[in-house]
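Quick note on numbering that gives the first Met the number 0: the sequence shown kicks off at 0 and runs consecutively. Working notes, beginning with the structure itself.
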Amino acid sequence: MKYEENLIMLRQQGPLAIAAALVLFIILHLGFPPEAHGPRTTGTTMLGGIAFLLMTSSVVLSARMEVFEDLFGGLDRMYQVHRVAGTFAAIFALVHFFGVPKELPESVDPVANALVPSAPLGMLGLIFLVIGLFVALNRKIRYSRWRPTHKVMAVVYVLIIGHFMTAPGIFFDRFSASGILLMLAAILGTASLIYSLFGMNRRTAIPFTIEAVNALERATEVVLKPVGDMIDFKPGQFAFVEVQGKGWSEPHPFTISSSPGEDRLRFTMKVLGDWTRKVREELQPGRDVMVRGPYGRFDAAGAIGRKQVWLAGGIGLTPFLSKLRAMQPGDDRQIHLVYAAREEQDAIFLDELKARASELRNITLIPLFSDEGNFARVDKMKENLPDPLGTYEYFMCGPKPMIDGLMKDLKKEGVSRGNIHTEAFEFR
Ligand SMILES: Cc1cc2nc3c(=O)[nH]c(=O)nc-3n(C[C@H](O)[C@H](O)[C@H](O)COP(=O)(O)OP(=O)(O)OC[C@H]3O[C@@H](n4cnc5c(N)ncnc54)[C@H](O)[C@@H]3O)c2cc1C
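Structure, rendered in structure tokens:
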């Protein structure tokens, strides 16, 4: 069978581009330091510069630009890099703050220096950064509260630009080679901030109306009818769902569980918190919904290997549902679909999966129910897969502890990281 879709896999180019920018900055900073700067000033301003470049990467990634999805392997990966870059930016900024020389050279008038806002701007930026980071990494704060609070990071970014742009020459030379690089980064970061703060980062909204809300075991299937054109997506992609009307607050991301060939759009939503509970209990047919997307690069059709294991944990079945629904007879991949759930009753769409597996013949369904002692672990995979684990390409979606554990164990079994693809169902 000929695959229409492009080869889209977990991409390393994005993280490598960030690393290259950091290396370039370090080379410029150490290679062309202003003569007046001592080694301590050069070293600590370098750490400050690295912190700013990491912060810029984080800001640019939060702008959700489509071009970066290919470079980073999807929006969920972009948010992971966003979080890691933000955390390291704070660490470098703290080291910069404590390390930078506080005493002024004799030639500098302390009164004149105190009039320059660099130090208070830096201090304020650092305080907000530490608070912002605490909030950003605190999973106990509800997402609906967390999101607006996280926006304080935009203020931090502007304060830090103010900090280095007004820094006295004795500490930082704006027009040195590395200083110019930071200014270019500031322009890029500010443009990205404006782009996302004014909502330009949201992909065009496509209008739908709700046709049906079907209650499943601990989940809800929402069926949407397009008002005009259908959204153009690939199996495995997700979109932001915005229910219109008072009380529905922010958009939520969900994988599209229908196939691209259907004239309806379907989402399967596990009841997890306030919003998903409201969907199940209050959402009625006829209501307007905006769908923004598609996003994501969890695309098994573009994989190199013909022998694939699709591993779904609970609601992590949704990307595979779309792929299965879209699959045509005669597909030459050999796919083992491992579907892990707590108990058989919990395994939504199990009958449909069984029917598809017998229809398509290249699909082998392996249900694992933990109440029967069958956990999604490497020993169970060995038991159920006909060939050695290292001969398959893996696509996994499910609870983070399950995916992390499996990833570690598969690597121990000799499966290369490049043959394991995962989809994260969270952004923070
Ligand atoms: C790429 C992606 C695909 C997903 N696909 C599915 C799917 O097919 N089926 C499914 O059941 N779930 C899916 N999810 C998870 C789903 O988005 C959350 O379970 C849902 O938003 C929870 O909302 P809540 O208010 O009911 O729960 P809460 O208890 O408020 O939130 C639970 C967690 O969901 C996340 N979350 C909540 N609100 C948002 C938001 N507005 N934007 C982003 N994340 C949020 C946060 O990590 C939060 O900690 C997906 C998530 C992502 C990122």
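Where a beta carbon is used, it is the ideal one built from N, C-alpha and C, also for glycine. These figures come from a predicted structure and were not determined experimentally.
- Run through DSSP, which three-state label would phenylalanine 297 get? coil
- With distances taken Cα to Cα, identify the nearest neighbour of leucine 128 among Ser175, Ser117, Met54 and Phe174. Met54
- Compute the Euclidean distance between the alpha carbons of leucine 405 and tyrosine 393, then round it to the nearest angstrom. 10 Å
- Residue range of the beta strand (DSSP E) that valine 337 falls in? 333 to 340
- Message: I'd like the ranges of any beta strand (DSSP E) spanning at least 3 consecutive residues and lying wholly in the stretch 192 to 248.
- Response: 204 to 215, 218 to 225 and 237 to 242
- Pairwise C-alpha distance: glutamate 65 and glutamate 342: 39 Å
- Task: Label isoleucine 126 either buried or exposed according to how many other C-beta atoms from any shown protein chain fall within 10 Å of its C-beta, with 16 as the threshold for buried.
- Result: exposed
- Query: Is it the case that the CB of leucine 196 approaches a heavy atom of ligand 1 more closely than 7 Å?
  - Reply: no
- Query: Do you know whose CA, among Phe237, Ala214 and Arg263, lies nearest aspartate 228's CA?
  - Reply: Arg263
- Candidates Arg265, Gln243 and Val240: closest to proline 234 by CA position: Arg265
- Query: Taking DSSP as the reference, what is the three-state secondary structure of glycine 329?
  - Reply: coil
- Distance between phenylalanine 170 and glutamate 425 (C-alpha atoms, nearest Å): 41 Å
- Message: Rounded to the nearest angstrom, what separates methionine 182 and leucine 15 at their Cα positions?
- Response: 21 Å
- Among Thr390, Asp345 and Lys353, which has the Cα closest to the Cα of glutamate 371? Asp345
- Query: When DSSP labels each residue in this structure, what does methionine 380 get in the three-state scheme?
  - Reply: helix
- Message: Can you find the residues in the same chain that come closer than 7 Å, C-beta to C-beta, to glutamate 3, ignoring five residues on each side of it along the sequence?
- Response: Because glutamate 3 sits at a pLDDT of 34, beneath the cut-off of 50, its placement in the model cannot be relied upon, and the following sentence gives the value as read from the coordinates. Cβ neighbours of glutamate 3 beyond the five flanking positions: none.
- Message: For a quick check, are the C-beta atoms of serine 195 and serine 61 less than 8 Å apart?
- Response: yes
- Message: Quick check on glycine 272: does DSSP put it in helix, strand or coil?
- Response: coil
- Residue closest to alanine 135, alpha-carbon to alpha-carbon, out of Pro293, Ser177, Met152 and Glu68: Met152
- Query: Comparing the CB of methionine 289 with every heavy atom of ligand 1, is any distance shorter than 7 Å?
  - Reply: no
- Would you kindly report the start and end of the unbroken beta strand (DSSP E) that includes glycine 428? Because the chain spans 0 through 427 in this model, residue 428 falls outside it and cannot be assessed.
- Taking 7 Å as the line, does the beta carbon of leucine 271 fall inside it for any heavy atom of ligand 1? yes
- Message: With distance defined between alpha-carbon atoms, name the residue in Glu281, Gly260 and Ala325 nearest to valine 270.
- Response: Glu281
- Message: I need the straight-line Cα distance from tryptophan 309 to proline 398, nearest angstrom please.
- Response: 14 Å
- Query: Just checking, does the stretch 210 to 218 make contact with the stretch 343 to 362 on the three C-beta pairs under 8 Å criterion?
  - Reply: yes
- Query: Who are the near neighbours of threonine 44 in its chain, counting only those whose CB is closer than 6 Å to its CB and skipping five residues on each side?
  - Reply: Phe171
- Item | Simplified DSSP state of isoleucine 7, which is helix, strand or coil | With a pLDDT of only 40 at isoleucine 7, under the threshold of 50, the placement of this residue in the model should not be trusted; the figure read from the coordinates follows. In the structure shown, isoleucine 7 sits in coil (DSSP, three-state: anything other than H, G, I, E or B).
- Message: Just to confirm the assignment, what range does the beta strand (DSSP E) spanning isoleucine 347 have?
- Response: Careful: isoleucine 347 lies outside any beta strand (DSSP E) and carries neither H nor E.
- Count the other CB atoms within 10 Å of the CB of methionine 395; is the residue buried (16 or more) or exposed (fewer)? buried
- Item | Cα-Cα separation between glycine 13 and isoleucine 140, rounded to whole angstroms | 29 Å
- Sorted by chain position, which residues of the same chain lie with C-beta nearer than 7 Å to leucine 416's C-beta, five sequence neighbours on each side aside? Looking at the sequence itself, residue 416 is arginine, so the reference to leucine does not match. Taken in chain order, the residues that qualify are Lys410.
- Message: Given 7 Å as the limit, tell me if isoleucine 314 has its C-beta closer than that to any heavy atom belonging to ligand 1.
- Response: yes
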